[in-house]
Amino acid sequence: MGVISPIQYSEWATPVVPVIKKDGSVRLWGDFKVTLNPAICVDHYPLPRIEDLFASLAGGQLFSKLDLSNAYLQMPVAQESRKLLTISTQKGLFCYNRLPFGIAPAPALFQKAMDQVLLGIPNTHCYLDDILITGRNDAEHLKTLDQVLTRLEKYGLKLQCEKCEFFKQSLEFLGHYIDATGLHKSPEKIKAIMEAPTPTNVSQLRSFLGMINYYGRFIPNLASVLNPLNTLLCKEKKWYWSVACEQSFRKAKDLLTSPAVLTHYDPELPIRLACDASPYGVGAVISHLCPNGEEKPIAFASRTLSRAERNYAQIEREALSIIFGIRKFHQYLYGRRFTLLTDHQPLTAILSPNRSIPSMAAARMQRWALLLAAHDYVLEYKKAAHHANADGLSRLPLPVTHTEKMDTVDVFYANQVATLPVSNAEIKRGNLTDSTLSSVLDMVSSGRFPKSKDVPTDLLPFVTRRHELSVVQGCLMWGSRVIVPPKLRQRVLADLHIGHPGVVRMKHLARSYVWWPGIDGQIKLQSKSCQVSAYPKCSLSCTTSPMDLANSSLGKDSCGFCWSL
1 MGVISPIQYS
11 EWATPVVPVI
21 KKDGSVRLWG
31 DFKVTLNPAI
41 CVDHYPLPRI
51 EDLFASLAGG
61 QLFSKLDLSN
71 AYLQMPVAQE
81 SRKLLTISTQ
91 KGLFCYNRLP
101 FGIAPAPALF
111 QKAMDQVLLG
121 IPNTHCYLDD
131 ILITGRNDAE
141 HLKTLDQVLT
151 RLEKYGLKLQ
161 CEKCEFFKQS
171 LEFLGHYIDA
181 TGLHKSPEKI
191 KAIMEAPTPT
201 NVSQLRSFLG
211 MINYYGRFIP
221 NLASVLNPLN
231 TLLCKEKKWY
241 WSVACEQSFR
251 KAKDLLTSPA
261 VLTHYDPELP
271 IRLACDASPY
281 GVGAVISHLC
291 PNGEEKPIAF
301 ASRTLSRAER
311 NYAQIEREAL
321 SIIFGIRKFH
331 QYLYGRRFTL
341 LTDHQPLTAI
351 LSPNRSIPSM
361 AAARMQRWAL
371 LLAAHDYVLE
381 YKKAAHHANA
391 DGLSRLPLPV
401 THTEKMDTVD
411 VFYANQVATL
421 PVSNAEIKRG
431 NLTDSTLSSV
441 LDMVSSGRFP
451 KSKDVPTDLL
461 PFVTRRHELS
471 VVQGCLMWGS
481 RVIVPPKLRQ
491 RVLADLHIGH
501 PGVVRMKHLA
511 RSYVWWPGID
521 GQIKLQSKSC
531 QVSAYPKCSL
541 SCTTSPMDLA
551 NSSLGKDSCG
561 FCWSL
């Protein structure tokens with residue numbers, strides 16, 4: 001095959017590492033991570049997303065899988081690059097003539113080549129050296145299989161026949177069993193998880209959670225069980241394997257044995273996206289509504305909230321869950337009409353595609369509304385009792401690594417507060433010590449507001465604005481305006497009146513930064529009580545008379561100058 005050739009000299013010499021294959025044979029590979037990889041430019045050609053591959057299997061009744069023999073080694077390397085791929089052995093130096101396993105750009109280079117080889121063949125899906133072929137019937141499947149084999153022969157690619165499967169009603173592909181009904185968990189992979197020992201450190205726990213989360217799309221309530229284990233991943237958390245952790249560990253294993261099936265995505269069937277949020281996570285379920293009225297899940301997803309997101313008001317967390325679901329299942333939704341389900345009724349008034357978002361809505365809500373405007377959807381309210389799939393996912397969701405960064409709304413808020421004569425800490429303290437604002441804080445955070453007819457008078461101005469209230473860093477906001485506690489309002493009024501502006505100017509300034517019930521009336525009183533503002537202004541009126549330019553010695557020149565302009 002001419003895989004390697006002896007070489008006398010090379011600036012690069014990579015040590016070899018023996019790798020034992022599944023069949024017991026030994027394969028030698030170069031350990032390029034210590035030599036070539038740090039210095040090489042990596043091709044960033046994207047590998048297919050597994051979710052996208054599974055999303056394109058609709059209608060398949062028959063399946064074939066092809067496995068390329070020594071896949072990378074079938075791809076020749078340019079002559080000028082071979083010296084870089086030199087390995088050092090006890091027999092001397094050898095350079096690779098074909099693409100070896102272990103160099104950083106190998107997967108991207110091979111995927112790009114295979115995409116070009118199979119370009120234009122329908123019902124064919126390639127992930128590196130694994131090729132999956134589907135078909136609705138024998139004739140269609142045979143035609144596609146013949147096209148693929150002809151194309152592989154044209155490019156001189158060889159298959160590993162013992163690993164190939166043809167005309168199967170069910171087969172394993174990328175860790176899942178696939179048949180006409182949908183995706184199933186691989187029994188071999190489940191067995192490995194079931195036999196996993198109890199983790200004794202964070203590294204082992206991460207490995208276990210990685211195996212579990214690979215099948216997270218099958219289990220709607222897996223996240224709730226994993227919460228005790230997720231907490232052990234926190235850097236500030238000391239390792240302690242408690243009874244709750246052991247119960248979570250065993251329960252997660254038991255859930256994997258459930259006979260869950262995810263249906264194939266079918267572009268002809270209606271799509272429903274159900275989203276929900278809890279104080280610590282968001283979850284989403286995308287499903288098909290079948291002709292018989294049965295709802296079949298396509299995939300489940302969830303994630304934990306960052307520390308900043310946990311401080312969002314409930315309505316913002318619910319909106320965030322919708323944005324999470326839209327982004328997670330973008331490949332299914334974009335360009336298609338779908339039904340969006342939420343159990344938070346206020347969202348139907350804010351994010352409905354048939355209504356404009358209130359001008360005083362929180363900044364991040366306005367931003368999310370613009371993102372949703374690019375999709376064709378119908379927003380429906382569904383009571384929590386009938387919203388169990390998404391609700392279970394959000395309760396204690398799968399872990400996610402967050403890069404903590406300041407939200408743009410937090411930046412805007414910080415700038416707003418910086419212009420006020422009171423500090424963030426004073427506003428937060430004032431909210432907590434004031435009975436009215438502390439009640440409003442609880443209502444906004446929980447998303448539970450009383451009905452208008454049952455609202456006390458002091459809370460009514462806030463309840464009528466409930467869709468536009470938010471909490472940022474512990475402070476209440478009405479749109480982009482900070483709600484100032486009663487004890488601090490006089491200081492704010494005094495600052496608004498610096499320079500002794502009139503009522504109109506003071507209101508204009510206030511509407512850029514602050515609000516509280518009755519602020520307009522208090523501004524009027526502040527202005528009237530100011531002696532400087534009340535002092536009568538001097539009259540600038542005077543008697544005018546025409547200027548006789550004709551009698552002036554400069555009259556003609558002046559007129560000429562004006563005309564020249």
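So for the sequence shown, full-length UniProt numbering puts the first residue at 1; every next one is plus one. Idealized CB from N, CA, C, for every residue including glycine.
Self-check item: Spatial distance of L181 from L84 (CA atoms)
Solution: A small correction: the amino acid at residue 181 is Thr; Leu does not occupy that position in the sequence shown. When rounded, the distance between both Cα atoms is 49 Å.
Quiz prompt | Element boundaries [beta strand (DSSP E), containing D67] | solution = From DSSP, the beta strand (DSSP E) with D67 extends over 62 to 67.
Quiz item: Based on Cα-Cα distance, which residue from G30, P122, I87 lies nearest to I7?
Solution: Minimum Cα distance to I7 is reached at I87.
Exercise. Could you please give me the residues that DSSP links to H184 through a beta bridge?
Key: H184 pairs with Y177.
Quiz item: For I498, which of helix, strand or coil comes out of DSSP?
Solution: DSSP places I498 in coil when its eight states are reduced to three.
Quiz item: If you draw a straight line from the alpha carbon of I4 to that of I133, how long is it in whole angstroms?
Solution: Going by the C-alpha atoms only, they are around 33 Å apart.
Exercise. Mark Y96 as exposed unless 16 or more other C-beta atoms lie within 10 angstroms of its C-beta, in which case mark it buried.
Key: By the Cβ neighbour-count rule, Y96 is buried, with 16 or more other Cβ atoms within 10 Å of its own.
Practice problem: Assess, as a yes-or-no matter, whether the segment 142 to 161 is touched by the segment 186 to 196 under the definition of 3 or more beta carbon pairs within less than 8 Å. | Solution: The segment 186 to 196, when compared against the segment 142 to 161, does not touch it at the 8 Å Cβ threshold.
Quiz item: Just to confirm, are R217 and A274 a CB contact at a threshold of 8 Å?
Solution: One thing to note: R217 has its Cβ no nearer than 8 Å to the Cβ of A274.
Quiz prompt | For L53, the first and last residue of its enclosing alpha helix (DSSP H) | solution = L53 -> alpha helix (DSSP H) spans 50 to 55.
Quiz item: Going by the C-beta, is L269 closer than 7 Å to any heavy atom of the ligand COA?
Solution: As presented, the structure is devoid of all ligands, the ligand COA included, so that no description of it is given.
Quiz item: How about W368: is its C-beta nearer than 8 Å to some C-beta of chain D?
Solution: Absent from the structure is chain D; it holds one protein chain and no more.
Self-check item: Pair within 8 Å by beta-carbon distance, R317 and A369
Solution: Not closer than 8 Å, so no.
Exercise. Over the uninterrupted beta strand (DSSP E) stretch that includes G135, give me the two end residues.
Key: Counting along the chain, G135 sits inside the beta strand (DSSP E) bounded by residues 130 to 135.
Practice problem: Determine the burial state of K143: buried for a count of at least 16 other Cβ atoms within 10 Å of its Cβ, exposed for fewer. | Solution: Counting Cβ neighbours within 10 Å, K143 comes out exposed, since fewer than 16 surround it.
Exercise. Would you tell me roughly how many angstroms separate the C-alpha atoms of K237 and R511, rounded to the nearest one?
Key: K237 and R511 have their C-alpha atoms some 45 Å from each other.
Quiz prompt | Pair within 8 Å by beta-carbon distance, F324 and R310 | solution = No, these two residues do not count as a Cβ contact at 8 Å.
Quiz item: Using the C-alpha atoms, what's the distance from S352 back to Y381?
Solution: About 11 Å.
Self-check item: Simplified DSSP state of C164, which is helix, strand or coil
Solution: C164 carries a coil assignment under DSSP once its states are collapsed to helix, strand and coil.
Exercise. Just the C-alpha distance for E426 and Y513, rounded to the nearest angstrom, thanks.
Key: About 16 Å.
Quiz prompt | Whole-angstrom distance between S423 and I350, CA atom to CA atom | solution = For I350 and S423, the distance between alpha carbons rounds to 31 Å.
Quiz item: What are the boundary residues of the beta strand (DSSP E) that includes T433?
Solution: Note, T433: premise wrong, no beta strand (DSSP E); alpha helix (DSSP H) at 424 to 433.
Quiz prompt | Among R82, R250, H497, nearest to A196 - alpha-carbon criterion | solution = Nearest Cα to A196 within the set R82, R250, H497: R250.
Self-check item: Opposing strand residues paired with K296 [DSSP bridges]
Solution: Beta bridge pairing from DSSP links K296 with H288.
Quiz item: For R27, which beta-bridge partners are listed by DSSP?
Solution: DSSP lists V19 as partners of R27.
Practice problem: Assuming V503 and S527 form a contact by the criterion Cβ under 8 Å, report the distance between their Cβ atoms to the nearest whole angstrom. | Solution: Contact holds; Cβ gap of about 5 Å.
Self-check item: Alpha carbon of T436 to alpha carbon of Q314, nearest angstrom
Solution: Near 19 Å, if we compare the C-alpha coordinates of Q314 and T436.
Exercise. Could you tell me if P199 is buried or exposed, where buried requires 16 or more neighbouring beta carbons within 10 angstroms of its beta carbon?
Key: By the neighbour-count definition (other C-beta atoms within 10 Å, threshold 16), P199 is a buried residue.
Quiz prompt | Residue from S470, K65, I519, L128 whose Cα sits closest to the Cα of L493 | solution = For L493, the nearest C-alpha among the options comes from I519.
Quiz item: When you compare each of V19, S248, V34 to R27 by their alpha carbons, which one comes out closest?
Solution: When the alpha-carbon of R27 is set against those of V19, S248, V34, the nearest one is in V19.
Quiz item: Excluding the five sequence neighbours on either side, which residues of its own chain have a C-beta within less than 8 Å of the C-beta of Y9, listed in chain order?
Solution: Only residues of its own chain outside the window of five on either side were considered, and among them L93 have a CB closer than 8 Å to the CB of Y9, listed in chain order.
Quiz item: If you draw a straight line from the alpha carbon of R505 to that of D495, how long is it in whole angstroms?
Solution: Approximately 13 Å between the Cα atoms of the pair.
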